[in-house]
Amino acid sequence: MHLEKIDTVGVVGAGTMGNGIAQVAATAGYDVVMRDMTDELVAAGFEEIQSSFETLVARDTVTEQEAEAATARITGTTEVDDLADADLVVEAVTENMDIKQSVFEDLDAVCGPDTVLASNTSTLSITTIASVTDRPEQVLGLHFMNPVPVMKGVELVVGEKTSDETVTLGREFAHDIGKETWEADDKPGFVVNRVLMPWINEGVRAYDEGVADKADIDRGLTLGTNVPMGPLELADHIGLDVVLDASETLYEELGDRYKPAYLLKRKVAAGDLGKKSGQGFYDYD
Numbered sequence: 005m006h007l008e009k010i011d012t013v014g015v016v017g018a019g020t021m022g023n024g025i026a027q028v029a030a031t032a033g034y035d036v037v038m039r040d041m042t043d044e045l046v047a048a049g050f051e052e053i054q055s056s057f058e059t060l061v062a063r064d065t066v067t068e069q070e071a072e073a074a075t076a077r078i079t080g081t082t083e084v085d086d087l088a089d090a091d092l093v094v095e096a097v098t099e100n101m102d103i104k105q106s107v108f109e110d111l112d113a114v115c116g117p118d119t120v121l122a123s124n125t126s127t128l129s130i131t132t133i134a135s136v137t138d139r140p141e142q143v144l145g146l147h148f149m150n151p152v153p154v155m156k157g158v159e160l161v162v163g164e165k166t167s168d169e170t171v172t173l174g175r176e177f178a179h180d181i182g183k184e185t186w187e188a189d190d191k192p193g194f195v196v197n198r199v200l201m202p203w204i205n206e207g208v209r210a211y212d213e214g215v216a217d218k219a220d221i222d223r224g225l226t227l228g229t230n231v232p233m234g235p236l237e238l239a240d241h242i243g244l245d246v247v248l249d250a251s252e253t254l255y256e257e258l259g260d261r262y263k264p265a266y267l268l269k270r271k272v273a274a275g276d277l278g279k280k281s282g283q284g285f286y287d288y289d
């Protein structure tokens, strides 16, 4: 499979990451099929795409005509069979190995033999995900950053069987939709989350242990290290449940230095998941 032969991109999952991937692919001119389990989830995905485009139009990043044309290139569905003609499929479902393997089994059965299958996983093994398919050489990780329409980075994750040709295709596709890439081996957390999760958890511990209040912890990190937001604010934007899931996966694989902070676990148990729930370390209207 070569980039010039990719016309249709499939996206499995219409949530925050899935609809963002669908949006950027459609903006770049690809036809997109976005699939989720229910009509309600698909509709919610389109609502987020519309809201994102409204923001981008207001910022003069895209025109109204470009936004309308891109939206028209996206087809929503609940049927996995509708992904049969996709040339590249990106899975963006919940960070659970059993669920991801089930998705890849379905895609392997439905998609054509040349179709490349990618996972947006941020921590789970590409090799293990690919093992349930008959095409492990055509499976790779395309780990987009959130929010997808804004963030420039895509992490290319190379599984044990991933071919050089598949990696090249993934890199070319990411560049074609306006992203920049780096390559990571298939080790827990890859590059970004392997470094990011301990950083966030240590920020949570510093707050919980009274080193400073939350605003000063975030202010200290932004002013002291030139990052755009501190660990507590960033955790709220990612989703505290997502941070906890990633931390627990890394803790299981790599040991104590990835142990989730107690306050993080308590916040998730209380349903305070960050910006998406209206309450995390900060309040959101």
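Here our numbering = 1-based position in the sequence shown + 4. Cβ coordinates follow ideal geometry from the N, Cα and C atoms, glycine included.
Might you give, ordered along the chain, the residues of its own chain that have their beta carbon closer than 6 Å to the beta carbon of V136, omitting 5 neighbours on each side?
Q105, F108 and E109
Assuming contact is defined by CB atoms lying nearer than 7 Å, are R77 and D35 in contact in what I supplied?
yes
Does the structure place the region 53-60 close enough to the region 15-35 that three or more beta carbon pairs sit under 8 Å?
yes
What separation, rounded to the nearest whole angstrom, lies between the Cα atoms of F194 and E44?
33 Å
I need the straight-line Cα distance from V1 to T79, nearest angstrom please.
Residue 1 falls outside the range modelled here, since the chain spans only 5 to 289, and no answer is possible.
Rounded to whole angstroms, what is the Cα-Cα separation between T82 and D40?
5 Å
A239 to I204 span [Cα, whole Å]
7 Å
R175, buried or exposed, once every other Cβ within 10 Å from all chains shown has been counted against 16:
buried
What are the partner residues of Q283, as DSSP defines its beta bridges?
G278 and D287
As assigned by DSSP and simplified to three states, the class of D204:
It is worth fixing the name first, because residue 204 is Ile in this sequence and not Asp. Helix, per DSSP.
Would you list the one or two residues that DSSP bridges to D245?
Beta-bridge pairing links D245 to no other residue.
N- and C-terminal bounds of the beta strand (DSSP E) containing T12
T12 to V16
Straight-line Cα distance separating T253 from E237
22 Å
Using the rule of at least 16 other Cβ atoms within 10 Å of the residue's Cβ for burial, across every protein chain shown, is N230 buried or exposed?
exposed
Helix or strand or just coil, what does DSSP make of S123?
strand
Within 7 Å, strictly: CB atoms of V120 and L92
yes
What first and last residue would you give for the beta strand (DSSP E) that runs through E95?
L92 to E95
Mark D249 as exposed unless 16 or more other C-beta atoms lie within 10 angstroms of its C-beta, in which case mark it buried.
buried
Identity of the residue in M201, A48 and D289 nearest Y255 by Cα:
M201
Beta-carbon proximity of V158 to T185, cut-off 7 Å:
yes
With distance defined between alpha-carbon atoms, name the residue in E68, M5 and M38 nearest to F57.
E68
Spatial neighbours of E99 in its chain, beta-carbon cut-off 8 Å, leaving aside the 5 residues before and after:
T125, S126, T127, L128, V246, D249, A250 and T253
Beta-carbon within less than 7 Å of D190's beta-carbon, same chain only, minus the 5 sequence neighbours each way: which residues are those?
S129, I130, T131, V161, V162, G163 and E164
Give the DSSP bridge partners of G145, in chain order.
S123 and V161
Among N23, Y266, A265 and T166, which has the Cα closest to the Cα of P151?
N23
Taking all protein chains shown into account, do 16 or more other C-beta atoms lie within 10 angstroms of the C-beta of G17, making it buried, or fewer, making it exposed?
buried
Hey, H241 and G278 are a contact pair by Cβ (cut 8 Å); roughly how many whole angstroms apart?
7 Å
Thinking just about the alpha-carbon of each residue, which of P192, Q142, K156 and V199 is nearest to the one in V171?
Q142
What residue from D138, K280, I221 and K183 has the CA that sits closest to P153's CA?
K183
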